[in-house]
Every structure is written in C-alpha cells, then in structure tokens.
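Q:
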Amino acid sequence: MKYKILTFFLSASLGFAQKEAADKTIAELEALTIESTPIDSVTQSWSSISGDELDNAKGLTIADSLSDIPGVSQTTFGPTANRPVIRGADKFRLRMLQNGTDTFGVSAQSEDHAVPIDPLMVDRIEVLRGSSALLYGGSAIGGVVNVIDRSIPTSPYDSTGASILSSYSSVNEGLSYGVIAFGSSDKLSFQINGLKRDYEDYDTPTFYTEDHHDPTADPEGPFNSVANSHSDSTSFGFGASYMLDSGFAGFSFSSFENDYGVPGEHAESDTLIEMESDRFEFRSEIDVSNSDLLTGIDLNIGYGDYQHSESGYEEEGGVTEWHTHVTYLREGYEGRIAFKHEIGELSGVFGVHGLFDEFKIVGEESILGGSLQDWNVPDDNTTVASPNANPAITNEDSSRIALFLIEQYDLNEDTTLNAGIRWEQIDRKYEATENIDDDDSTFSASAGISKDLSELWNLSGNVSYSERTPDTAELYSDGAHHATEAYEIGNPNLENESAVGLEIVVRKTVGKVTGQFSAFHTKYNDYIFLEHTENERDSEGILANTTNYSASDGFPTGTEGLEEKAYEAVDAEFQGIEFEIDWLAMENPGWDLLLSFYGDTLRGENKTEGGNLPRIPAARLGFGFEVMQEKLDFGLKLTRSMEQDNLGDDEEITPAFSLLNAFASYDVSLGDSAGELFVRGTNLTDELAYNHASVLKQYAPLPGRSVEIGLKFDF
89 MKYKILTFFL SASLGFAQKE AADKTIAELE ALTIESTPID SVTQSWSSIS
139 GDELDNAKGL TIADSLSDIP GVSQTTFGPT ANRPVIRGAD KFRLRMLQNG
189 TDTFGVSAQS EDHAVPIDPL MVDRIEVLRG SSALLYGGSA IGGVVNVIDR
239 SIPTSPYDST GASILSSYSS VNEGLSYGVI AFGSSDKLSF QINGLKRDYE
289 DYDTPTFYTE DHHDPTADPE GPFNSVANSH SDSTSFGFGA SYMLDSGFAG
339 FSFSSFENDY GVPGEHAESD TLIEMESDRF EFRSEIDVSN SDLLTGIDLN
389 IGYGDYQHSE SGYEEEGGVT EWHTHVTYLR EGYEGRIAFK HEIGELSGVF
439 GVHGLFDEFK IVGEESILGG SLQDWNVPDD NTTVASPNAN PAITNEDSSR
489 IALFLIEQYD LNEDTTLNAG IRWEQIDRKY EATENIDDDD STFSASAGIS
539 KDLSELWNLS GNVSYSERTP DTAELYSDGA HHATEAYEIG NPNLENESAV
589 GLEIVVRKTV GKVTGQFSAF HTKYNDYIFL EHTENERDSE GILANTTNYS
639 ASDGFPTGTE GLEEKAYEAV DAEFQGIEFE IDWLAMENPG WDLLLSFYGD
689 TLRGENKTEG GNLPRIPAAR LGFGFEVMQE KLDFGLKLTR SMEQDNLGDD
739 EEITPAFSLL NAFASYDVSL GDSAGELFVR GTNLTDELAY NHASVLKQYA
789 PLPGRSVEIG LKFDF
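Take 89 as the starting number for the sequence shown in the numbering used here and just add one per residue.
1) Tell me whether the stretch 344-355 and the stretch 326-334 touch, counting them as touching only if at least three CB pairs, one residue from each stretch, are closer than 8 Å.
2) Select from E714, G420, F438 the residue whose C-alpha is nearest the C-alpha of D808.
3) If you measure from the beta carbon of S272 to each beta carbon in chain C, is any gap under 8 Å?
4) Taking Cβ positions, are N281 and V259 nearer each other than 8 Å?
5) Closer than 6 Å by C-beta to T248: which residues in its own chain qualify, once you throw out the five before and the five after it? Chain order, please.
6) On a Cα-Cα basis, can you pick out the residue from S565, T412, K600 that is closest to E652?
7) Is it the case that the Cβ atoms of Y401 and R418 are separated by a distance below 8 Å?
8) Tell me whether the beta-carbon of L681 lies closer than 8 Å to the beta-carbon of F713.
9) Let me know the secondary structure DSSP gives H354 once reduced to three states.
10) Can you tell me where the alpha helix (DSSP H) with A151 in it begins and where it stops?
11) When you compare only the Cα positions, how much space is there between D380 and D721?
12) The beta strand (DSSP E) spanning N281 covers which residue range?
13) Which residues mark the beginning and the end of the alpha helix (DSSP H) in which G139 is found?
14) With distances taken between CB atoms, is the gap from T292 to S313 smaller than 8 Å?
15) Going straight from the alpha carbon of S357 to that of T304, what length do you get?
16) If you pair each beta-carbon of the stretch 374-388 with each one of the stretch 329-339, do three or more pairs fall below 8 Å?
17) May I ask you to report which of helix, strand or coil DSSP gives S227?
18) If you follow the alpha helix (DSSP H) that T560 is in, where does it begin and where does it stop?
19) When you compare only the Cα positions, how much space is there between A568 and L142?
20) Taking only three categories from DSSP, how would you classify K179?
21) Roughly how many whole angstroms lie between the Cα atoms of V658 and D320?
22) Is DSSP giving P789 helix, strand or coil here?
23) What are the boundary residues of the beta strand (DSSP E) that includes E693?
24) Alpha carbon to alpha carbon, how far is I157 from F605? Give it in angstroms, no decimals.
25) Can you name the residues that DSSP bridges to Q513?
26) At which residues does the beta strand (DSSP E) containing Q162 begin and terminate?
27) Distance check for R171 and L784, CA to CA, integer angstroms please.
28) Can you grab the Cα-Cα spacing for the pair E562 / V235, in whole Å?
29) Per DSSP, Y348 is paired with what?
30) For the beta strand (DSSP E) holding I704, just list the boundary residues, first then last.
31) Please say whether T503 and K448 have beta carbons closer to each other than 8 Å?
32) When the Cβ atoms of the stretch 482-492 are set against those of the stretch 588-599, are three or more pairs found closer than 8 Å?
33) In this structure, how does DSSP classify K90 when only helix, strand and coil are distinguished?
34) In terms of residues, what are the limits of the beta strand (DSSP E) holding S714?
35) Does the Cβ-Cβ distance between D386 and E446 come in under 8 Å?
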C-alpha cells in the first residue's frame, strides 16, 4: 500500500513539474494582526500562524500543529486525544474556540477526549496567553486557542473556484484528503467543504513499559508501535454570507465524526471512542459611519450538539463481549455582541457574552458517579457509601452571563494605554442524589501600556487579575478515571481560583528581522490540581487492605487497583521566558534565506507545600532555516527538548531529546490552475522521545521517523 501511494504522488510530481508555475513574490516580513482581540494594541504575548507557516506545521491535531510555538506544548494522549498546553495551563484553564465561540466538546474533562476540530482545512490559528481571560471568561485564565476556518466568508471571493488537498504519511499509513469549493454571486458568497482522514497505529523507536500496578515486575516489550492509536474521521460543512454595504452577515454548519482508539492499558480491550459533533454559527460585522460614538457592531453566535461513547471488550461471567462503558453528551449556545466606540483618542469595546449548555454523563463508569465506599467492619459485612462521598451527578445545566469593557487610549503617537474589566455570573444546577444549585460570580481586570521605541521596536507591559470558578469535575468527582488510571475525588469546598499576572513583551513585527520576547510571572491563590494520596481503591471505590480486600499487598488477582487522587487548592507561582526570532538573512536573485530561532522555559512551583507542580513542560531551544525560490521552497527545523528533572509529586525524570524535521514544496501548474507538491519529514533521526506533560508518556512516546507526501491544488 505504501509503495502504491508513493508511486502515485511521484508520478503526479513529474507530470506537474513540466508546467510553468507563477513566480512567488518574496518580500520583507510585514506586521501581523490578531483577530481574537477587538483592540489594536495588544500588550500581552500572542502568536498566530497561517499560510505557508501553517501548512508546514499542520499535524493530526490542533495541538500538534502548534507544538513548535514558544510557550505552547501538548498533552499527547496518543495522536488523536491531544490538547494544547499554554504555559503549563491545560484542561479547565484553557479555552478551545472555533471562530471565536466554543467548540462544545468535552476535551477538557479528560485527557483521552479529543478536540472536535481537524486542522486539515484550517485557515489560521491564534494563541493568546495570560490575560486573555478578560474577553473569553474565567475558563481562559491560562490562555485561548482560536481556530479560524473561514467557514463564514467575510469578504467576496474574487472568482468561483475550489481547492483540494491530499497526503500520505508513512509513520501510520495515514491517508488524508479534503476539498473546499467557493464562489460569489452578486452580494452572496458561499463555500462547501469536506475532508476524510484515516490512519493506523503509529510507529515508534523501540520502547518498553512498566506495570504501574507492580513496579517490581519486569518491563514489558519491546514495542515498535503504539497499540490502539488508530483513527478514522470525516467532516463536512458549508457556509454563506450576504455582503452588506457596511459589513456582512453569514451562517455556517459543520459536522465532524471521529472514531479513535485509546492507547495505554485501554489497548488490551480495544477501547474505542466514537465522537459526533454538529455545529452552527452565525456571525455579523457592521461598520457604523453615521454615529458620533458607535463605530461598529460585531455579533457572534455558536450552537453545538456533541456526544461520544467509550466502548471496549469486557469479560463478564467468563464471556467476553463488546460493551459501552460511558457516553458524554453536551449541547449548548454561546453568543457575544460587541459595540465598538470611539471618543477622540479613546476607543474601545463594550460587550455582553453568554454561554448556556447542558452536560450529561451516562453509563456505569462516570467520574461523577458518587462511588466512594467504606467497608463496614465487622457487623453486616457489607459496603456502604462513605461519609466523604460526593453525590452522584447525572446532569448539569449551566449558564454564564458576562459584561466586559475594554478601552484603549492613545497617549501620544508612540504610547498607547489599555485597560479592561469583566464581570461574570455563573449559575449551575445539577441533577444528583442530592440536588445542588451553585451560584457564583467572578471578576477580572487588566491594564497595559504599549510604547513604540522606534519605527521597528515596541515595548509592552501588562498586569492582570483573573478569577475562575472550580469546574464540576474538580468539585464533585467521585469515581474511577481509567484515562489516568486513578480514582479521582473532588472537593466541594474549593474556593474560586485567582491569578495575578505580570508580563513584559518586546516585539519587532516589521522588517527583515521580526520577533517577540516575553517574560512573565503569575501568582495563583487557591490553584486547583490533582494530588496523589497514599490510598489505593478499586473501580467501585473500595479501599485496598480492608475487610473486603484483606491481602496485605493490596488487591487480589483480577481486581484492578487505582491510585487515589484528590483535588486540592494551594498557592502556586509560574514564571518563564519565551522568544521567537525570524531573520530574512539573504536576498538574492531567484532565492532568499530565512533563519528562525525560538525557545521557552517554564517553572511551576507549589508554594504551599514546597516543590514543583506536576506535568510542567520541559525547556526547549530550536533553530530552523527556509530557502525560498520561485518554484521550490525547502527548510529544516531542529528542536532540543531539555531533560525535565523539576518533578512534581510521584513523577519521574523525562530524558532530553532532539527532533529533526524537514520540509520541501514545489509549485506546479495545470492550465490556469496552480498547485503545490510537498514533502515533510518528522523525527528524521528516529529518536525515542517522551513528553513530560503527558499522563500516558510511558505508553505513548512521540512518533518515530515519518515521511509525509502530499498535493495541494487550487482550481
């Protein structure tokens, strides 16, 4: 199969290479803009990738596509269930957005849950760090990833056309192909798209695993692939916009299905997650010209209907059958209306934001199952609910309504001030063994200054205060969580988490040398995280070494023991440095040379108990070059991930590793149509590499050597 696919692409390249390609314009790097914030002066650190840079970075997931951006790591729970990590913040501190509204998935609930977005047809990805919580809410206290796919056209297309993309990857025998067709008619613009992705278990350098239930046992292996890491996904959608005299109004629909395996100990039962996600969006932007105050109105509304089931083989009564363990369902709306205004040198945005959703977990293996039990000794020899058990929750209805105001003031030609506040009301109602209503509110504020040191250099500073309410899982978890091989217990007495952040940013966004350097310090009060306890429980919540399980070495053969982890709050501090530099080093007739340098380092400390917080990404340094010619571009990137020995509780050292990646693209043409044949190589030295931020690192090392070959074509 591999050779047939390679033969097809190589034959295509020979045919297309005989055609003339349009000359590629190479110019100095220009200033970038960021769409995820409504004001021009952004005093916090941000990153944006699009165009050729995004094409060269695209992986199987959004997180994989962002993994070389300073300050951004990934969870790597296998190749599919993979979320970004921004400055050590993951799960409930990081918002995943699609065109500015929620993805309506449940990827934050568990490490084995995938983000319901495929990067194949994405147009742009923006990353906001730090005080981005001001615009997007407390659940973005650590940052925002906004995936922009242009499903709603914001301007007319120049002509009717279509684009196709197909590729083959050797590391997992993966096939990907997608198409988008678009056009404009008078004031109506429209697009329709579809994609398909199918890949098998991915290959790795030789590795061994340890039995965490019995650390004294001999390592298992050798392995040369990660079992049950396959996936089969399909997506389609359409969108249309009506172009107004002073803006546009449009809508879109998309549907995404993804069936993927869960690696690790789940591979033994062929555990499969079957995901379905339907999504509607409405978006409008209107410029106002006949008002002394109002300059524009932006409206963004999203609706999502999501579900996934987790199934696998299970032995019961001596019979092995396929069994659905649990189903997650989420349905919700999110809307934001923003009024842009301007008074002299003062400009800003006032807005109203709302998020309303319903979340359910159905099945026997719910982390909100209220399963904690004690063994009654010795009277009736039965198990009873523990007095420390949380109520079993079957349904959550929540609403979040917020008001926000962001203002920008031009102090002079070189200096701009900005400030903002946000107030949010959160209401949650639970269907549970004990009905619970939670009402709370949060407040966030930020202030910053941006100073142009010259026509090329800018210095910015930002201070922020943000609050976050604990998530339901942090409050009321009480059940086995097989993704992390732990029994997790929430704490309903947790207070709101708050963070005070300070950041300094130096930027150069125009000229032959561009880049960004940032240093930050964030202090958390009541920082919530999972900490190991000294206990071990089975999946029913029963402690080891009790009357039921009296063996001194824990559980009897055939009973799975899970380490108990409990949510707790501590004072914590994060500090780090990030930098990225692009240098257009050489300009010659017919070719140019671009050099890039990047790196980051992060420290997360538990100030209450001492020591380090868990799963903090290792420091990295990288270097790359790209040669740009009229038809042929090629480049190389080398990233060194340092040894991580600043360990949290019950963690092991993650060794250092280096990843060598390369890429090349060749412009081809067929009549009036233009295309590109591309080749990418990743981990070309086939180095065994582990991600310290992954809870599954010993079972799922990073992929080994891979070559991807593909074709893009615009008609």
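Beta carbons are placed, not taken as given, at the ideal position from N, Cα and C, and that holds for glycine. As the structure is a prediction and not an experimental result, all values here were calculated from the model.
A: Per the coordinate set shown:
1) no
2) Past the edges of the chain, shown from 89 to 803, lies residue 808, and the structure says nothing about it.
3) Given the protein chain composition of this structure (a single chain), no chain C is represented.
4) Translated into the one-based positions of the sequence shown, residue 281 becomes position 193. Translated into the one-based positions of the sequence shown, residue 259 becomes position 171. Against a cut-off of 8 Å, the Cβ pair of V259 and N281 comes out as no contact.
5) Locating residue 248 in the sequence shown gives position 160, counting from the first residue. So the qualifying residues of the chain are G271.
6) By 1-based counting over the sequence shown, the position of residue 652 is 564. Nearest C-alpha to E652: S565.
7) Against the sequence shown, residue 401 aligns to sequence position 313. Against the sequence shown, residue 418 aligns to sequence position 330. Contact: no.
8) Start at 1 with the first residue of the sequence shown, and residue 681 comes out as number 593. Start at 1 with the first residue of the sequence shown, and residue 713 comes out as number 625. For L681 and F713, yes; Cβs fall inside 8 Å.
9) Sequence index remark: in the sequence shown, residue 354 carries index 266 (1-based). Residue state, collapsed to three classes: helix.
10) Against the sequence shown, residue 151 aligns to sequence position 63. From DSSP, the alpha helix (DSSP H) with A151 extends over 150-154.
11) The residue labelled residue 380 in the question sits at position 292 within the sequence shown. The residue labelled residue 721 in the question sits at position 633 within the sequence shown. In a straight line, the C-alpha of D380 is about 50 Å away from that of D721.
12) Residue mapping note: residue 281 aligns to position 193 of the sequence shown, counting from 1. Segment 276-287, the beta strand (DSSP E) holding N281.
13) Within the sequence shown, the letter at position 51 stands for residue 139. Its alpha helix (DSSP H) spans residues 139-145.
14) Numbered from its first residue, the sequence shown carries residue 292 at position 204. Numbered from its first residue, the sequence shown carries residue 313 at position 225. Yes, the pair counts as a contact, with Cβ atoms nearer than the cut-off.
15) Numbered from its first residue, the sequence shown carries residue 357 at position 269. Numbered from its first residue, the sequence shown carries residue 304 at position 216. So the alpha carbons of these two residues sit roughly 24 Å apart.
16) yes
17) Reading the sequence shown from its first residue, position 139 is the one you call residue 227. Three-state result, S227: helix.
18) The residue given as residue 560 occupies position 472 in the sequence shown. Run containing T560: 560-564, per the alpha helix (DSSP H) assignment.
19) Position 480 of the sequence shown, counted from the first residue, corresponds to residue 568. Position 54 of the sequence shown, counted from the first residue, corresponds to residue 142. Their Cα atoms are separated by approximately 39 Å.
20) The sequence position of residue 179 within the sequence shown is 91, counting from 1. Correct three-state label for K179: helix.
21) As a working note, residue 658 is residue 570 in the sequence shown. As a working note, residue 320 is residue 232 in the sequence shown. The alpha-carbon atoms of V658 and D320 are separated by roughly 41 Å.
22) Reading the sequence shown from its first residue, position 701 is the one you call residue 789. In the structure shown, P789 sits in coil (DSSP, three-state: anything other than H, G, I, E or B).
23) Looking up residue 693 in the sequence shown gives position 605. 679-694 is the extent of the beta strand (DSSP E) around E693.
24) For the purposes of this step, residue 605 is taken as residue 517 along the sequence shown, with counting starting at 1. For the purposes of this step, residue 157 is taken as residue 69 along the sequence shown, with counting starting at 1. Straight-line Cα distance between these residues: approximately 12 Å.
25) Walking along the sequence shown from the start, residue 513 turns up at place 425. Answer by DSSP bridge pairing, in chain order: I489, S529.
26) Taking the sequence shown and counting its residues from 1, the one referred to as residue 162 is at position 74. Here the beta strand (DSSP E) through Q162 covers 160-162.
27) The residue labelled residue 784 in the question sits at position 696 within the sequence shown. The residue labelled residue 171 in the question sits at position 83 within the sequence shown. Rounded to whole angstroms, L784 to R171 spans 13 Å at the Cα level.
28) Along the sequence shown, one-based indexing puts residue 562 at 474. Along the sequence shown, one-based indexing puts residue 235 at 147. Going by the C-alpha atoms only, they are around 27 Å apart.
29) What you label residue 348 is simply residue 260 of the sequence shown in a count that begins at 1. In the DSSP output, where bridge partners are listed per residue, Y348 has S319, I361.
30) Within the sequence shown, numbered from 1, the residue matching residue 704 stands at position 616. Looking at the DSSP string, I704 is not in any beta strand (DSSP E), and its letter there is neither H nor E.
31) The residue you call residue 448 lines up with position 360 of the sequence shown. The residue you call residue 503 lines up with position 415 of the sequence shown. No. Outside cutoff.
32) no
33) Sequence index remark: in the sequence shown, residue 90 carries index 2 (1-based). Any reading at K90 needs caution, since the residue's pLDDT is 39, under 50, leaving its predicted position unreliable; the model's value is listed next. Helix, per DSSP.
34) Taking the sequence shown and counting its residues from 1, one reaches residue 714 at position 626. The sequence as given places Glu at residue 714; Ser does not occur at that position. Per DSSP, E714 belongs to the beta strand (DSSP E) from 708-717.
35) Here residue 386 refers to the residue found at position 298 of the sequence shown. Here residue 446 refers to the residue found at position 358 of the sequence shown. Cβ atoms of D386 and E446: not closer than 8 Å.
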